[in-house]
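S.K.:
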Ligand code: ADP
Ligand code: MG
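In this note's numbering, the protein residues as written are 47 to 915.
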């Protein structure tokens, strides 16, 4: 490489420390990027890539830049895409620098550490998580949301659960050790792509000991330390606003893996990845951002303790029976700003005067809220507003110190109220009097000189001046003013008294700004002592908002309070799918019962495509989740167990969203469910076995059903289009057939969406094709084929022998799992090929060749060849 300029050397030195981030290198009014950074940034930000010379005959260095004053928007865009950005500033005055100006990275911006900007969504937490892998194969997982100061930590034994936890929290960034297993990393990123960062140190700095005061084990502290050390190293700012780390036990919540959460569309829809179409969108009727975040986090962790669930349900009940008070309450909550994030900013020292006024307004609305809740139930008010004496003191401080509508900037004055500080008032008087004096002077000079257009102006260079137009200059008595500046058609003058006043005014104003800033900072500091109290209040408000929202949706959608059965019984009368019922025309949703008890712990669901099998299954899962987060449920009656875990598995052919719909994945997922489920779990297996050939699939499906039946006894809904499986009912004690009915009317099928006991008589796939308006020719041909197949049906499928079932089950054995999908494919090929040949021969035998046109014959042969390939 040729000689680098000293500045480029400096660049490369700094860049070497921030390899995984864009280095925004300050050069005058721009942040510049070079080399690969520049190329990538130019692409991602759609800005022009230029070059910088580095000596004669050398290639130019790729370079691009963004203006300093509009850098925020570019930074936001990069962060949103999951990148990190190191901001490198000039840290000495260029005028005083000898050689290259000294530069340093002053902060590192990452997806998990941003505090404001577009990436921060109101109703979402922004989690940074740190993962620590211990020698005994356990994992410490800590998380923090810098915008609210929330911190939590847990220990997990199973990596799948680690993934579920990270996905559930929708974490943006993960901090790990440098030697973090690439294997685990890959497993995680397949399910949840996020920004990965490295931090080695897991010793807690003594100064942060208090954060971990409530943690009982060394592993937990180390897990938190990794997170905190990462923040200290990269953020270069105070972390005083972090709240004490809370320990959460993953086994005090219902477990759901990533697949299940996604599939049930709890917080976002499968296809669009939007909140619309999710359960959250239906039950989140909150009016504050804090409440919205809480509902989301509840959905992430449904409860297991009945008492805790009932406690929430009791509140929802109380809110439902007090319609007017509740609606009034929700109206009052609208005036509460995001106290959680405001308190974060106060503690952090980044709050401005306008936000403090928002805090004041929020606090001022609390007494009214408390009053309304007291009217609903005094016990609730006592629980939520236990320590609220601070409110009055803080409101008083903010009310007396800050004006009603302060500017966002904290350095330009205009924030502090008159009467708050004597010295400030006297400066203000001085400035006001000075200006008054000048206004009077203008009048006086006009009068005395007779120049009506004479005016007194101000600019930053010359200060105050008297301006007289050229045409009027002759009216001025000689020597009245001192000449200062000549313009094309006017002259500007000063007088000694004017300058004297000017000095007074300017001095007062400068002092005012300075003093206002100091006063503001002291108010801000004083507010800091209330941070813990504000956070507690924020929690109360979020809870009130979330539960009042549950009450509102429960009432409008006619939900019912769930009962928890001690004997694992499910008894749902007229249940509805909470989301589907909102998207189809009103009144068209067909409610369904779900009865699962002794003798019917497993339901085998058959019925035509599009009949409503998947909807029925998910409905049960969603109702259970709603019940366990303390919401009423869409049904006339609902008796449910408390489920410890929930698994949803969808046949690969149906699972469009996962992107890797291989049969292998389907089987791996199924294995996981089968190894983890207990008799207190809920299993939804939707068309499992569909991802492989018919007999294979059927055999597997049966084997799986038998396994669950004999070993797990988990409540299971199993939907299938293999009608042959319904025969299992007679041999499996706890299995019952149900089907979604459809009737045929004038050659078309009408789906009744009604689930009834017994098995479906046939599949209606062709009718669905007809509904979809496939060409008539295709429909009638399919009809013919079906009739033919049905002729020799029945013999084709025989229950597999126990030995066969055993073979299929070996798929669940570790060894088989290791085998790649590709080898599985190869092994099975001969039999599939034989099947194909058989089909082709059959068609050749039966084809009516004499009635074919030549073209038809050619295309027939062509088709047969294709089938054989
Ligand atoms: P399957 O799994 O049997 O193929 P789905 O459960 O996917 O069928 O349902 C297909 C469609 O039928 C749904 O998208 C929904 O619009 C409608 N549907 C399902 N269940 C009901 C119901 N109970 N009432 C009204 N419409 C329903
Ligand atoms: Mg389905």
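Even glycine gets a Cβ: it sits at the ideal position worked out from N, Cα and C.
Closest to residue 537 by CA distance: which of 527, 544 and 543 is it?
M.R.: By one-based count along the chain shown, residue 537 stands at place 491. With distances taken between Cα atoms, residue 537 lies closest to 527.
S.K.: Once the 5 residues before and after residue 95 are set aside, which same chain residues still bring their CB inside 8 angstroms of it?
M.R.: Translated into positions along the chain shown, residue 95 becomes position 49. The answer, listed in chain order, is 84, 85, 88, 108, 109 and 110.
S.K.: Nearer than 8 angstroms: is that true of the beta carbon of residue 632 relative to any heavy atom of ligand 1?
M.R.: Working through the chain shown from its first residue, we reach residue 632 at position 586. The answer is no for residue 632.
S.K.: Around ligand 1, which residues pass a check of Cβ closer than 5 angstroms to any of its heavy atoms?
M.R.: For ligand 1, the selected residues are 635, 636, 655, 656, 657, 658, 659, 660, 661 and 799.
S.K.: What residue ranges within the stretch 594-649 form continuous alpha helix (DSSP H) runs of no fewer than 4 residues, ordered along the chain?
M.R.: DSSP runs (the alpha helix (DSSP H)) wholly in the stretch 594-649: 626-629.
S.K.: For residue 528, which three-state DSSP category applies?
M.R.: For this step, residue 528 is matched to residue 482 along the chain shown. Of the three classes helix, strand and coil, the one that applies to residue 528 here is strand, per DSSP.
S.K.: Is the CB-CB distance between residue 686 and residue 608 below 9 angstroms?
M.R.: Translated into positions along the chain shown, residue 686 becomes position 640. Translated into positions along the chain shown, residue 608 becomes position 562. Yes, Cβ-Cβ distance for residue 686 and residue 608 is below 9 angstroms.
S.K.: So, for residue 857: in the same chain, excluding its five sequence neighbours on each side, which residues have a beta-carbon less than 7 angstroms away from its beta-carbon?
M.R.: In the chain shown, residue 857 corresponds to position 811, counting from 1. Only weak support is given to the placement of residue 857: the predicted model assigns it a pLDDT of 41, under 50, and the value that follows is read from those uncertain coordinates. Cβ neighbours of residue 857 beyond the five flanking positions: 713.
S.K.: Take residue 623 as the anchor and find which of 798, 459 and 672 has the nearest alpha-carbon.
M.R.: If you number the chain shown from 1, residue 623 lands on position 577. Considering only alpha carbons, the answer is 672.
S.K.: Check residue 468 in the structure and name its three-state DSSP category.
M.R.: Taking the first residue of the chain shown as position 1, residue 468 is located at position 422. Helix.
S.K.: Hey, would you say residue 332 sits closer than 9 angstroms to residue 214, going by beta carbons?
M.R.: As a first step, residue 332 must be located in the chain shown, where it is residue number 286. As a first step, residue 214 must be located in the chain shown, where it is residue number 168. No; because the gap between Cβ atoms is not below 9 angstroms, this pair is not in contact.
S.K.: What residue from 153, 244, 50 and 53 has the CA that sits closest to residue 66's CA?
M.R.: Residue mapping note: residue 66 aligns to position 20 of the chain shown, counting from 1. Measuring from the Cα of residue 66, the nearest candidate turns out to be 244.
S.K.: Run the proximity test for residue 787: is its beta-carbon closer than 8 angstroms to any non-hydrogen atom belonging to ligand 2?
M.R.: Numbered from 1 along the chain shown, position 741 holds the residue referred to as residue 787. No.
S.K.: Could you round the C-beta distance between residue 637 and residue 621 to whole angstroms and report it? I think they count as a contact, below 8 angstroms.
M.R.: Numbered from its first residue, the chain shown carries residue 637 at position 591. Numbered from its first residue, the chain shown carries residue 621 at position 575. The pair is a contact, with the Cβ atoms about 6 angstroms apart (cut-off 8 angstroms).
S.K.: Report all residues from its chain with a CB closer than 6 angstroms to the CB of residue 565; omit the five preceding and five following residues, and keep chain order.
M.R.: The sequence position of residue 565 within the chain shown is 519, counting from 1. Once the five neighbours on either side are set aside, the close Cβ partners of residue 565 are 462 and 467.
S.K.: In its own chain, which residues sit with a C-beta less than 7 angstroms from the C-beta of residue 411, not counting the 5 before and 5 after it?
M.R.: By 1-based counting over the chain shown, the position of residue 411 is 365. Hits under 7 angstroms: 378, 381 and 382.
S.K.: Would you kindly work out how many angstroms separate the C-alpha atoms of residue 77 and residue 70, rounded to a whole number?
M.R.: Here residue 77 corresponds to residue number 31 of the chain shown, with the count starting at 1. Here residue 70 corresponds to residue number 24 of the chain shown, with the count starting at 1. Cα to Cα, the separation comes out at about 5 angstroms.
S.K.: With DSSP collapsed to three states, give me the class of residue 287.
M.R.: Within the chain shown, the letter at position 241 stands for residue 287. It is coil, neither helix nor strand.
S.K.: Which residues bound the beta strand (DSSP E) around residue 136?
M.R.: Here residue 136 refers to the residue found at position 90 of the chain shown. Here the beta strand (DSSP E) through residue 136 covers 131-136.
S.K.: Along the chain, where does the alpha helix (DSSP H) that runs through residue 305 open and close?
M.R.: If you number the chain shown from 1, residue 305 lands on position 259. Counting along the chain, the alpha helix (DSSP H) containing residue 305 begins and ends at 304-309.
S.K.: Would you report the Cα separation of residue 868 and residue 885, rounded to the nearest angstrom?
M.R.: Along the chain shown, one-based indexing puts residue 868 at 822. Along the chain shown, one-based indexing puts residue 885 at 839. Low local confidence applies: a pLDDT of 37 at residue 868 is under 50, so the model's placement there is unreliable, with the coordinate-based value given in what follows. Taking the straight line joining both Cα atoms gives about 25 angstroms.
S.K.: For residue 293, which of helix, strand or coil comes out of DSSP?
M.R.: Translated into positions along the chain shown, residue 293 becomes position 247. The answer is strand: DSSP assigns residue 293 an E or B state.
S.K.: Under the rule that 16 or more other beta-carbon atoms within 10 Å means buried, what is residue 824, buried or exposed?
M.R.: Within the chain shown, the letter at position 778 stands for residue 824. Residue 824 should be labelled exposed.
S.K.: Measuring straight from C-alpha to C-alpha, what distance separates residue 458 and residue 555?
M.R.: For this step, residue 458 is matched to residue 412 along the chain shown. For this step, residue 555 is matched to residue 509 along the chain shown. Those two C-alpha atoms are separated by around 10 angstroms.
S.K.: So residue 197 and residue 58 are supposed to be a Cβ contact under 8 angstroms. How far apart are they, rounded?
M.R.: Working through the chain shown from its first residue, we reach residue 197 at position 151. Working through the chain shown from its first residue, we reach residue 58 at position 12. Not quite, the Cβ-Cβ distance comes to about 37 angstroms (not below 8 angstroms), so this is no contact.
S.K.: With DSSP run on the structure shown, which of helix, strand or coil describes residue 783?
M.R.: Along the chain shown, read from residue 1 onward, the residue named residue 783 stands at position 737. Here residue 783 sits in strand by DSSP.
S.K.: Could you tell me if the beta carbon of residue 733 falls within a distance shorter than 8 angstroms of some heavy atom in ligand 2?
M.R.: Position 687 of the chain shown holds residue 733. The answer is yes for residue 733.
S.K.: Enumerate in chain order the residues of its own chain whose CB-to-CB distance from residue 796 is below 8 angstroms, with the five nearest sequence positions on each side excluded.
M.R.: On the chain shown, residue 796 is found 750 positions in, with the first residue counted as 1. Hits under 8 angstroms: 788, 789 and 790.
S.K.: In chain order, what residues of the same chain lie with their CB nearer than 6 angstroms to the CB of residue 843, ignoring the 5 residues before and after it?
M.R.: Start at 1 with the first residue of the chain shown, and residue 843 comes out as number 797. Interpretation of residue 843 is limited by its pLDDT of 42, a score under 50 that renders its predicted location unreliable; no figure is taken from the coordinates.
S.K.: For the beta strand (DSSP E) that contains residue 228, what are its first and last residues?
M.R.: The residue labelled residue 228 in the question sits at position 182 within the chain shown. Element bounds for residue 228: not the beta strand (DSSP E) but the alpha helix (DSSP H), 228-237.
S.K.: Are the CB atoms of residue 599 and residue 328 nearer to each other than 9 angstroms?
M.R.: Taking the first residue of the chain shown as position 1, residue 599 is located at position 553. Taking the first residue of the chain shown as position 1, residue 328 is located at position 282. Yes; because the gap between Cβ atoms is below 9 angstroms, this pair is in contact.
S.K.: Would you say the beta carbon of residue 5 is closer than 8 angstroms to some non-hydrogen atom of ligand 2?
M.R.: A question about residue 5 goes unanswered here, because the residues of the chain that appear run from 47 up to 915.
S.K.: Please classify residue 413: does DSSP put it in a helix, a strand, or coil?
M.R.: Along the chain shown, one-based indexing puts residue 413 at 367. In the structure shown, residue 413 sits in a helix (DSSP, three-state: H, G or I).
S.K.: What do you get for residue 702, buried or exposed, if any count of 16 or more other CB atoms within 10 angstroms of its CB means buried?
M.R.: For this step, residue 702 is matched to residue 656 along the chain shown. Note that residue 702 scores 47 on pLDDT, short of 50, meaning its location in the model is unreliable; the coordinates nonetheless yield the value given after this. Its Cβ having fewer than 16 others within 10 Å, residue 702 is exposed.
S.K.: Run through DSSP, which three-state label would residue 108 get?
M.R.: Position 62 of the chain shown, counted from the start, is the residue given in the question as residue 108. Residue state, collapsed to three classes: strand.
S.K.: Enumerated in chain order, which unbroken segments of the alpha helix (DSSP H) with a length of 4 residues or greater are wholly contained in the stretch 48-77?
M.R.: List check, alpha helix (DSSP H) in window: 52-63.
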